[in-house]
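Let me begin by presenting the structure, written as structure tokens, before commenting on it.
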Amino acid sequence: MEEARYEHRVRVAFKTDIYGTFRQSVVFDFGAEPVLVRHLCVDVVPVTDADKIKEIKK
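The sequence shown begins at 1202 in the working numbering and counts up by one.
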């Protein structure tokens, strides 16, 4: 017997007035274990520093 498959789309919005690194874990609990965890990370920097951040992440 084939398992049922479901697709869910989740939109996450983020807004800040300050620079920094922001981390958040999102846990999806569909009523039975295991749960699904997704880790989000946003780096907010001045436009003039964007190239520096790209180099650091390489």
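Even glycine gets a Cβ: it sits at the ideal position worked out from N, Cα and C.
Every value quoted in this text rests on a predicted model; they were computed, and no experiment measured them.
- prompt: valine 1248 by DSSP, collapsed to three states: which one?
  reply: Assignment of valine 1248 by DSSP, reduced to helix, strand and coil, places it in the helix class.
Limits of the unbroken beta strand (DSSP E) element including phenylalanine 1231: From DSSP, phenylalanine 1231 is part of no beta strand (DSSP E); its letter is neither H nor E.
- request: Look at the alpha carbon of phenylalanine 1231 and the alpha carbon of threonine 1249, and state the distance between them as a whole number of angstroms.
  value: 42 Å
- request: Taking arginine 1210 as the reference, give the member of Val1245, Met1202 and Phe1229 with the closest Cα.
  value: Taking each of Val1245, Met1202 and Phe1229 in turn and checking the Cα distance to arginine 1210, the smallest one comes out for Phe1229.
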